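Protein chains: 2
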Amino acid sequence: MKKNTKISSAVIKRLPRYRRYLYELKKKGIEKISSKEFSSLIGYTASQIRQDLNNFGGFGQQGYGYSVEGLYNEISAILGLDKDYKMVIVGAGNLGSAIAKYTHTYKGEFKLCAAFDVKKALIGQELDGFPIMDYENIVEYVEENDISIGIICVNKESAQEVADKLTFAGVNGIWNFAPVDIEVPSWVAIENVHLSDSLHSLAYHMNDIEKLENEKSKKAKAGK
Amino acid sequence: MKKNTKISSAVIKRLPRYRRYLYELKKKGIEKISSKEFSSLIGYTASQIRQDLNNFGGFGQQGYGYSVEGLYNEISAILGLDKDYKMVIVGAGNLGSAIAKYTHTYKGEFKLCAAFDVKKALIGQELDGFPIMDYENIVEYVEENDISIGIICVNKESAQEVADKLTFAGVNGIWNFAPVDIEVPSWVAIENVHLSDSLHSLAYHMNDIEKLENEKSKKAKAGK
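If you're matching them up, the sequences are chains P and G in order.
Here the first sequence stands for residues 2 to 225, where the numbers follow the working numbering.
Here the second sequence stands for residues 2 to 225, where the numbers follow the working numbering.
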């Protein structure tokens, strides 16, 4: 079924969302769904959905729709969620603790193994049930335990150094929560969660809406 | 200086990043920067940068470059960061606690005022120095204290109901951390932080890189 063409990054960004909705449908016992029904649920146009899913071969059938489970499994495989990933967190503060807790909601693919910190007071403690270990030993731990993802929850000053160490130790992916852009070699994938950027976008949209509302009310008054 | 044309959402998404880099330059005492220098720093092409910044009028001067402080202030104003925003957090668990701590790094614009929860054991406690209050009183609090942003840190089952209540109480913006898409009226801005989507993208890119590396090594072997 799969085509081997390169999939655009915009499509890749939408895939987790498709999967999320398919998972909910699956949980409700729904076996098939038309692109039109899917459209009204997920908020993309039916033609956008058909176009996106055509990247993975001829999934939908005219007049039949998509198989919920089939499509869910296919998208999971494309996203690489048919494998397991072992992870470590660096930085055992509040954010590290929240992310540790968050990763607990995963039953399968993403498995947190340990947390690391430089603070002597934290080493030996637990982070949401995981041992907090000495950052000095991280390279050895990553190598010995076949860790593939490093989660960075340290401040922006330390983030690049932590990324370098994780890369040196052999992770293939970095999930970065520090508010800074990190450089990694081409063989390492990186995903940044810049919370401040998200908050700034929110402020922009709030002001944009306010401007529109003001214009509307001016027009309404002028029309009187 | 400002043009009144509608700015595309792709440009808006890049603005916080421009602002972040300009802030670092400002801190280093750098007064002006050419689009070429800015390009090598931020990783967009010089023509992309010129095109983006042209949306806000003629900022750069041929042969002079951009004024770091001027551009920083202009982008801040466009993003609405020349005003103050009062915020409440709903959900005083680990994630709520991490987000509360995170918002502390802001000196000005974004001011957290209180946290709310339904759990009797949490009410009356503190969340990173903020009072945790009874969720039953949230509407009154938001109205009386002129709160404009509600941060949702509850589970996905409760998220829509919390959003409805925040909207009813009169917030203009919702920053949603629950792993679910929330519906709000047109006059409320919403920004979702879907952590799982970000983790799934990371997995995709890790697998994509692995595939490329495998192909490369196959080709190298075949070439021998």
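Every residue gets a Cβ at the ideal spot worked out from N, C-alpha and C, and that includes glycine.
Note that the structure is a prediction, hence the values are computed from the model and not measured.
How about residue 199 of chain P: is its C-beta nearer than 7 Å to some C-beta of chain G? Here residue 199 of chain P refers to the residue found at position 198 when the first sequence is read from its first residue. Nearest CB-CB separation between residue 199 of chain P and chain G: below the 7 Å threshold.
Is it true that the region 173 to 185 of chain G meets the region 199 to 209 of chain P, where meeting means three or more beta-carbon pairs spaced less than 8 Å apart? Yes, the region 173 to 185 of chain G is in contact with the region 199 to 209 of chain P.
Extract the residue ranges of the alpha helix (DSSP H) inside the region 131 to 156 of chain P, only unbroken runs of 4 or more that lie entirely within it. Whole alpha helix (DSSP H) segments, 4+ residues: 139 to 145.
For the region 82 to 102 of chain G, enumerate the residues whose C-beta is nearer than 7 Å to any C-beta of chain P, in chain order. Closer than 7 Å at the C-beta level to chain P, one finds these residues of the region 82 to 102 of chain G: 82, 86, 95, 96, 98, 99, 102.
Please name the residue, chosen from G/94, G/102, G/169, that lies closest to residue 143 of chain G on a Cα-to-Cα basis. Taking the first residue of the second sequence as position 1, residue 143 of chain G is located at position 142. Nearest to residue 143 of chain G by C-alpha distance, out of G/94, G/102, G/169, is G/169.
Examine chain G for any beta-carbon lying closer than 7 Å to the beta-carbon of residue 134 of chain P, and answer yes or no. The residue labelled residue 134 of chain P in the question sits at position 133 within the first sequence. Interface flag for residue 134 of chain P against chain G is unset, since no Cβ pair is found closer than 7 Å.
Please return the same chain residues whose Cβ sits closer than 7 Å to the Cβ of residue 44 of chain G, not counting the five positions on each side in sequence. On the second sequence, position 43 is the one that residue 44 of chain G refers to. Nothing listed; no residue qualifies.
Residue 110 of chain G - DSSP class collapsed to helix/strand/coil: Start at 1 with the first residue of the second sequence, and residue 110 of chain G comes out as number 109. For residue 110 of chain G, the three-state secondary structure derived from DSSP is coil.
DSSP bridge partner residues for residue 91 of chain P (one or two, in chain order): Indexing the first sequence from 1 puts residue 91 of chain P at position 90. Answer is P/117, P/153.
Selection from P/40, P/221, P/96 that minimises the alpha carbon distance to residue 129 of chain P: Indexing the first sequence from 1 puts residue 129 of chain P at position 128. Closest by alpha carbon: P/96.
Along the alpha helix (DSSP H) that carries residue 179 of chain G, what are the first and last residues, could you check? Position 178 of the second sequence holds residue 179 of chain G. Unbroken run through residue 179 of chain G: none, as it is neither H nor E.
Cα-Cα separation between residue 46 of chain P and residue 16 of chain G, rounded to whole angstroms: Position 45 of the first sequence holds residue 46 of chain P. Position 15 of the second sequence holds residue 16 of chain G. Rounded to whole angstroms, residue 46 of chain P to residue 16 of chain G spans 27 Å at the Cα level.
Cβ-based burial, residue 48 of chain P [other Cβ within 10 Å; buried from 16]: Start at 1 with the first residue of the first sequence, and residue 48 of chain P comes out as number 47. Here residue 48 of chain P is exposed, its C-beta having fewer than 16 other C-beta atoms within 10 Å.
Simplified DSSP assignment, three categories, for residue 67 of chain P: Counting from one through the first sequence, the residue named residue 67 of chain P turns up at place 66. DSSP places residue 67 of chain P in strand when its eight states are reduced to three.
Tell me whether the beta-carbon of residue 160 of chain G lies closer than 7 Å to the beta-carbon of residue 134 of chain G. In the second sequence, residue 160 of chain G corresponds to position 159, counting from 1. In the second sequence, residue 134 of chain G corresponds to position 133, counting from 1. No. Outside cutoff.
Tell me the DSSP bridge mates of residue 43 of chain G? To locate residue 43 of chain G, count along the second sequence from 1; it is residue 42. DSSP output for residue 43 of chain G lists no bridge partner at all.
Proximal chain G residues relative to residue 174 of chain P, where beta-carbon distance stays under 8 Å: As a working note, residue 174 of chain P is residue 173 in the first sequence. Neighbours of residue 174 of chain P on chain G, chain order: 203, 204, 206, 207.
Inter-residue Cα distance where the pair is residue 150 of chain G and residue 132 of chain P: By 1-based counting over the second sequence, the position of residue 150 of chain G is 149. By 1-based counting over the first sequence, the position of residue 132 of chain P is 131. Cα to Cα, the separation comes out at about 36 Å.
Using the C-alpha atoms, what's the distance from residue 118 of chain P back to residue 127 of chain P? The count along the first sequence starts at 1 and reaches residue 127 of chain P at position 126. The count along the first sequence starts at 1 and reaches residue 118 of chain P at position 117. Rounded to the nearest angstrom, the two C-alpha atoms are 11 Å apart.
Residue span of the alpha helix (DSSP H) that contains residue 11 of chain G, given as start and end: The count along the second sequence starts at 1 and reaches residue 11 of chain G at position 10. Looking at the DSSP string, the run of the alpha helix (DSSP H) that includes residue 11 of chain G is 10 to 28.
Give the straight-line distance between the Cα atoms of residue 20 of chain P and residue 71 of chain P, rounded to the nearest whole angstrom. Taking the first sequence and counting its residues from 1, one reaches residue 20 of chain P at position 19. Taking the first sequence and counting its residues from 1, one reaches residue 71 of chain P at position 70. C-alpha separation (whole angstroms): 11 Å.
Where the region 10 to 26 of chain G meets chain C: residues whose CB sits under 8 Å from a CB there: In the displayed structure, chain C is absent; the protein chains listed are P and G.
What residues from chain G crowd round residue 232 of chain P, counting only those whose CB sits closer than 8 Å? Because chain P is modelled from 2 through 225, residue 232 of chain P falls outside the range shown and cannot be assessed.
Could you please give the first and the last residue of the uninterrupted beta strand (DSSP E) stretch that includes residue 215 of chain G? The residue given as residue 215 of chain G occupies position 214 in the second sequence. Annotation for residue 215 of chain G: no beta strand (DSSP E) segment contains it, though the alpha helix (DSSP H) segment containing it runs 196 to 224.
Tell me whether the beta-carbon of residue 190 of chain P lies closer than 7 Å to the beta-carbon of residue 210 of chain G. As a first step, residue 190 of chain P must be located in the first sequence, where it is residue number 189. As a first step, residue 210 of chain G must be located in the second sequence, where it is residue number 209. For residue 190 of chain P and residue 210 of chain G, yes; Cβs fall inside 7 Å.
Secondary structure of residue 74 of chain G, DSSP reduced to three states: Taking the first residue of the second sequence as position 1, residue 74 of chain G is located at position 73. It is helical.
Using a beta-carbon distance below 7 Å, is residue 194 of chain G in contact with chain P? Translated into positions along the second sequence, residue 194 of chain G becomes position 193. For residue 194 of chain G, the answer is yes, since a Cβ of chain P falls inside 7 Å of its Cβ.
Reference residue 121 of chain G; option with closest CA among G/136, G/152, G/110: Here the question's residue 121 of chain G lines up with position 120 in the second sequence. Of G/136, G/152, G/110, the residue nearest in Cα terms is G/136.
Whose C-alpha, out of P/84, P/8, P/30, is nearest the C-alpha of residue 274 of chain P? The displayed coordinates of chain P run from 2 to 225. Any statement about residue 274 of chain P would go beyond what the structure contains.
When the distance is taken between beta carbons, is residue 123 of chain P closer than 7 Å to residue 93 of chain P? Position 92 of the first sequence, counting from 1, holds the residue named residue 93 of chain P. Position 122 of the first sequence, counting from 1, holds the residue named residue 123 of chain P. Yes, the Cβ-Cβ distance between residue 93 of chain P and residue 123 of chain P is below 7 Å.
List the whole-angstrom C-beta distance separating residue 33 of chain P from residue 73 of chain P, where the pair is believed to meet the contact cut-off of C-beta under 8 Å. Residue numbering aside, residue 33 of chain P sits at position 32 when the first sequence is read from its first letter. Residue numbering aside, residue 73 of chain P sits at position 72 when the first sequence is read from its first letter. Not really, about 12 Å apart at Cβ, beyond 8 Å.
Rounded separation between residue 37 of chain P and residue 154 of chain G - CA only: Walking along the first sequence from the start, residue 37 of chain P turns up at place 36. Walking along the second sequence from the start, residue 154 of chain G turns up at place 153. Going by the C-alpha atoms only, they are around 32 Å apart.
Beta strand (DSSP E) segment containing residue 191 of chain G, residue limits: As a working mapping, residue 191 of chain G is identified with position 190 in the second sequence. Run containing residue 191 of chain G: 190 to 193, per the beta strand (DSSP E) assignment.
Around the C-beta of residue 80 of chain G, are 16 or more other C-beta atoms found within 10 angstroms, so that it is buried, or is it exposed? Here residue 80 of chain G is taken as the residue at index 79 of the second sequence, counted from 1. Per the 10 Å Cβ criterion, buried.
Counting contacts by CB-CB distance shorter than 7 Å, is residue 210 of chain P in contact with chain G? As a working note, residue 210 of chain P is residue 209 in the first sequence. So, interface residue.
Using three-state DSSP, classify residue 80 of chain P as helix, strand or coil. Working through the first sequence from its first residue, we reach residue 80 of chain P at position 79. If DSSP states are grouped into helix, strand and coil, residue 80 of chain P belongs with coil.
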